[in-house]
Structure formats: structure tokens, C-alpha cells
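In our numbering, the protein residues as written are 274 to 831.
Yeah, the Cβ is synthetic: ideal placement off N, Cα and C, and Gly gets one too.
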RNA sequence: GUCCCGUUGGUCAAGUGGCCUAAGACUCCACCCUCUCACGGUGGCAACGGGGGUUCGACUCCCCCACGGGAUACCA
């Protein structure tokens, strides 16, 4: 077989000098140790937590080392294309603070290593495939999908490994004339790798390949022996081939991808060997898992698990900084302890290590996320939180937007309730929860929600409120204010201090806490809340007094 | 079927042959602080999947099994 002739037949218009791309895309001029990473989503536009998870690792690794992080759209499967997907991907990631230095963007490609859409790189792939053909490393295959299906069935019947290899790779033996004739007849074909892997050998007897995975350590697998497709009938490469060519030419140093790729590693190794290129550092991450209804751990799935979608966190009003913080905890096991030691440091100060990534799948724990949210939100200035909640409301709860819009200062004061000092309150978790938490500050959403304390009758309650109103001075300081409540407690037979009541419960109806709960009920409609005095200061004198009068009246009616 | 990866409390996890009577965080419980709640503090419950080896000694190394996950496409 004259491979040069075959290559010319297959790729008449393609360059014979793929090495020219080596000069078009020279090694990057980067500082020693800089990592080049990439995210390669398919253009469905659906970007999920797993993508964010690995994008985060990519981003940290690149930016921490002074390297480059780029976006490459892996649109080799035309069936998957969704309009506007690139914008969606970029926007989703940007919301969580992930930005690319290079690659596909809303305004088109940026950077010297493009094009960054695989669909636009056909001539590059073809140049390398042509060279493989010339070297006898690849060949056209004319088998129809029916033929391949029949082969698979026979292999299954004989308990053989499915796939095109060895004797099944019938098109390997086609003569030039046969090929030429089929092509002239317009028969569709793909280009397959002519694998050097041993066939008819037990896997354990096969040559083993050894790859150092940055997360998992040394990986040992039998070499590839499949004649995998490198170029589809459409002339577009498969993932395997595109990965090898692109990551070489784009000078990717670290390939971070999900563990589902582990099994195709031998294919990639053979391809890299055939091309004569150095392997990138592979980092195969574990999948995010969840516990499903029957209590078993399983991979988060697109279809079943709404929490996999990034939009889930956005629409549920989780602050991106909190999601980042939590993800970083899952990403690097030592982050949490570092955070405890450095509560105020920026995330970028944390030394992310790829080796510290877990190699078993982590369960995504919403309870923990909520806890992380509290710690993260407590550090965000109130004004910023107001903007955050406002933007969330605008998109997801427009009916409550008027509460925030134009009242930013009022809301900011509410959010700052008890947040100062060295033991700040940590009440705030997510946008909807924040609204729920502060709702009673707005008359439209104020209502009596809880029950009166057991130790206070309606009659006593009304009397307490009357006495409270009598002595109420809006300008009183907190201490003076509370002293007055103690006096009222005393008047009505409630202990001035809870401890007194605990010691001699028979002497009292209750204690000062019961009295203040009545007031709290009147002012907030709830039996639990932050400091009443501060709440009253924010509500203002008029609104406070009105609420007390109203509750007093309702108790009298009862 | 074959191949690969994984398995430490309910969850995230530290652990690289003796420092393990197995760290820390979340959850839960108790107590303290306290006008309620939250915060904070103190304490508590709770784990090396099973079986064989190797070794003076194994969570750590090897083998088998079980379980979970993945691959086995002209999807990525």
C-alpha cells in the first residue's frame, strides 16, 4: 500500500506539513511552573455544578501559578448544539467568579492559540490525520453502522470485547483500488486509528501503560488496542483526537477532567505517542455524588437532581461567594482548616494543591452549604447584601422588589442588626431566607405569627403592653429601656431575672423574658427575634407604638 | 462479560508501617453565656466494608471478596 497516495486521495486539499502549526502555536512564554488549563464544555449551554467544580480547579491552578486559563468549545457533536450556549456558559461561570484569560467569549475568540471552537479547526485536524495516514497509522473505514452493530452482537455472543480491533477491523486490509473505488462511489467513511495494541491477548498479558495522574497517583492500564474513530464521516474529529491535537497545540499543561475519562486514557496515550508529543499532566477528578431516596450514594444526575444545575443556586438565592467557599472545601480538603486559621484572608491567598483533591466522590451537603453561607454572608457588608437580595428579587420575586428598591438604607440597617462586635449574629443564609427573616419590618408582610408565651395570659399581656406604652421613650438608651422592662416585670409578678425565677418558681408567674416576649410579639409578630430595642430604633417611634397599641387591642378582645 | 477507579463516624475529611486510646468541620444532644432566637464557649454520641496474608507491629503494603462509581459510540 502506498500511504502517500492514500493520504493524497483522502485529503487532496490538506497541507502535507502539519508541523507548521508548531510554529504558528509556539510554546507559551510563561514563568517557570506556570500551568495552562482549559475548560472544554460541549455547547449544550447546560453548565452544572460538576463543571463549576472542575472549572474552579482549572482557574485556581492557572491563576495561582501565573499561567493561563482558557475556554474551548468542544462542538464536535453537531446534534448537541444549542443556540447562545457559549454566552450561557460564560455568564453562568462568571456569576460564580470564574473568568477566562483566553478562548471563546461573547465577543468572539480572544487569544493566539485559536480558533477556540473545535468546529472551526477542521483543517488543523485534517493535517494531522493526513500525516497519520501517510505514516500508516490511520486508515479509512467504510463499515456501516449496521455492520458494526452486527459485529458487536456477535462479540457479545462470544463473550469477546466489543469494538473494532484485530480481525474485526476489516477495512484495514482494503487495497488502494478498493478504497478509491468506494470513495468514487460516494460511500461514507470514517478515519480510524490503526492501533498497535496487541489483540487476542488477555488484558493482563497486554503491555501496561503507566500514567502519573496528579490526583490519583500512578495509573496502570492495559494499552489501547481499539481502532477508534479519529475523524467522523463528517470530517469532524472525535473527542479523543480533538483533545490530543488541541491540548498539544494550545499548550495545555494540565488536563483536569472528570473520572469518566479515565477509561479512555489508553486511547489518548497511544494517540500522543503516535503524534510524538509529550503527555499533559492528567488530573481526573471524582464526581459529585448525592444520596438518593433509597439511601445509596450515586452520581448527581442532570435529569433527576435540580441541585446539579447552577441556576438552582442562583434562583434559590445562594450567594456566589458562599457557593465558591463551599466548593473550595470540597475541592481541597485542607481549605476548611486554612479558613479557620485565616478567617479574613481572600480565597486567592489559599494555596490550592491539585494533589489534595479527593479521589472519591463527595456528597454535596446542603446542610453544610447553609452553614458555610452564614459564615460567608456575615463578612459581606450590608449594602452589598441589599444589592444582592434586590437583584435576586428582581429576577425571581418581583412582587417584593419594591420593598428593597428605594429603601436600600433601611434594609441595610436591618441586615446589620447585631452583626457588629466580635460575636456577630450569623442569621443570613440566602436571599429568600433573608426576606423571610426580615419580613416583619414591612407592614405589608407583618403579622402575628407565633403564640403568646404560656406563662402570660391575654389579660396580663394587654396590661403589660399598656404599661410599656406608658413609660415608652423612643430616645431611651438600651440599658434604660431594659431597666424599665424589669420594673414592669416586677409590677406584674414576674421575676426581674430569670435566675430568680428558676430558684423560686413558686414566687412568680414567670420572668422578665416572658414580659419581653410579649413586647417582641407586638413589635415583630414573633416570639423570637434579634434585639427588640434595636428593632424599635429601626422601625421608628410611630410604627413601634402603633404595633404595640394594635397588639394590646387584640389581646383585650381575646 | 471485560477493563478501570474508589471504600475512615450520618456528611466532608486528616492519616504515606509504630506519634492512632484515629484530628478537625457540619449535623444531632447536653450544659454555659443570655430578655427570646442567633452568635460564642464547654462537653458528648459517632468510623478504618469483609476475609486472608506480609510484618515484632497495619487505617497505612499485597491478595481475594463485597459494595459503589465509571468505560466499553461516527457523545462528550
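By a C-beta neighbour count over all protein chains shown, 10 Å radius and 16 as the cutoff for buried, is residue i buried or exposed?
i: residue 663; result: buried
i: residue 821; result: buried
i: residue 747; result: exposed
i: residue 523; result: buried
i: residue 483; result: exposed
i: residue 645; result: buried
i: residue 348; result: buried
i: residue 448; result: exposed
i: residue 423; result: exposed
i: residue 809; result: buried
i: residue 399; result: buried
i: residue 463; result: buried
i: residue 640; result: exposed
Could you tell me how far apart the beta carbons of residue i and residue j are, in whole angstroms, since I believe they sit closer than 8 Å?
i: residue 276; j: residue 370; result: Rounded, the Cβ-Cβ distance is 51 Å, inconsistent with contact.
i: residue 655; j: residue 689; result: 4 Å
i: residue 479; j: residue 517; result: Not really, about 21 Å apart at Cβ, beyond 8 Å.
i: residue 416; j: residue 443; result: 7 Å
i: residue 666; j: residue 674; result: 5 Å
i: residue 513; j: residue 501; result: 6 Å
i: residue 592; j: residue 538; result: No, residue 592 and residue 538 are not in contact; Cβ-Cβ is about 38 Å, not under 8 Å.
i: residue 344; j: residue 401; result: 23 Å between Cβ atoms; not a contact.
i: residue 829; j: residue 735; result: 5 Å
i: residue 497; j: residue 468; result: 6 Å
i: residue 360; j: residue 379; result: 5 Å
i: residue 596; j: residue 585; result: In fact, because the Cβ distance is near 10 Å, the residues do not count as touching under 8 Å.
i: residue 713; j: residue 797; result: 5 Å
Using CA atoms only, rank isn't needed, just tell me which of the options is closest to residue i.
i: residue 532; options: 556, 328 and 545; result: 556
i: residue 499; options: 435, 723, 285 and 621; result: 435
i: residue 367; options: 384, 397 and 332; result: 332
i: residue 787; options: 763, 676 and 807; result: 763
i: residue 283; options: 461, 670 and 514; result: 461
i: residue 601; options: 588, 619, 587 and 765; result: 619
i: residue 511; options: 450, 350 and 587; result: 350
i: residue 358; options: 316, 456 and 515; result: 316
i: residue 310; options: 322, 338 and 694; result: 338
i: residue 301; options: 279, 375, 281 and 285; result: 375
i: residue 771; options: 459, 721, 760 and 784; result: 784
i: residue 598; options: 623, 687 and 403; result: 623
i: residue 295; options: 427, 397, 278 and 811; result: 397
i: residue 812; options: 776, 769 and 711; result: 711
i: residue 336; options: 625, 806 and 804; result: 625
i: residue 384; options: 677, 299 and 818; result: 299
i: residue 718; options: 420, 653, 413 and 709; result: 709
Can you tell me the Cα-Cα spacing of residue i and residue j, whole angstroms?
i: residue 561; j: residue 638; result: 10 Å
i: residue 752; j: residue 701; result: 27 Å
i: residue 815; j: residue 683; result: 15 Å
i: residue 609; j: residue 411; result: 50 Å
i: residue 715; j: residue 642; result: 29 Å
i: residue 290; j: residue 328; result: 34 Å
i: residue 493; j: residue 630; result: 20 Å
i: residue 755; j: residue 671; result: 39 Å
i: residue 827; j: residue 707; result: 28 Å
i: residue 288; j: residue 440; result: 32 Å
i: residue 728; j: residue 782; result: 6 Å
i: residue 792; j: residue 703; result: 28 Å
i: residue 567; j: residue 636; result: Note that residue 567 has pLDDT 46, beneath the 50 cutoff, so the model's placement of it is unreliable and no number is given.
i: residue 341; j: residue 490; result: 24 Å
i: residue 382; j: residue 334; result: 22 Å
i: residue 699; j: residue 648; result: 7 Å
i: residue 253; j: residue 588; result: Because the chain in this structure spans residues 274 to 831, residue 253 falls outside the shown range and cannot be described.
i: residue 720; j: residue 659; result: 23 Å
i: residue 583; j: residue 594; result: 13 Å
i: residue 780; j: residue 805; result: 27 Å
i: residue 550; j: residue 543; result: 10 Å
i: residue 292; j: residue 279; result: 20 Å
i: residue 800; j: residue 750; result: 23 Å
i: residue 445; j: residue 403; result: 16 Å
For residue i, is the beta carbon positioned less than 7 Å from some heavy atom of the ligand GTP?
i: residue 280; result: Absent from the structure shown: the ligand GTP. Ligands present: none.
What are the uninterrupted segments assigned as beta strand (DSSP E) that are 3 or more residues long and contained completely in the segment 418-483, given in chain order? 463-466
So within the segment 289-361, which uninterrupted beta strand (DSSP E) runs reach at least 3 residues, ignoring any that extend past its ends? 309-312 and 341-344
Run through the segment 487-570 for me and flag every whole beta strand (DSSP E) of 3 or more residues, listed as ranges in chain order. 490-495, 502-504, 527-531, 554-558 and 562-564
Scan the segment 626-714 and note each continuous alpha helix (DSSP H) run of 4 residues or more that stays entirely inside, going in chain order. 639-650, 655-669, 674-677, 681-688 and 704-711
Complete alpha helix (DSSP H) runs within the segment 777-825 (minimum length 4 residues, chain order): 785-797 and 805-812
Uninterrupted alpha helix (DSSP H) stretches inside the segment 718-783 (no shorter than 4 residues): Contiguous alpha helix (DSSP H) elements confined to the segment 718-783 occur at 731-744, 751-764 and 771-776, taking only those with 4 or more residues.
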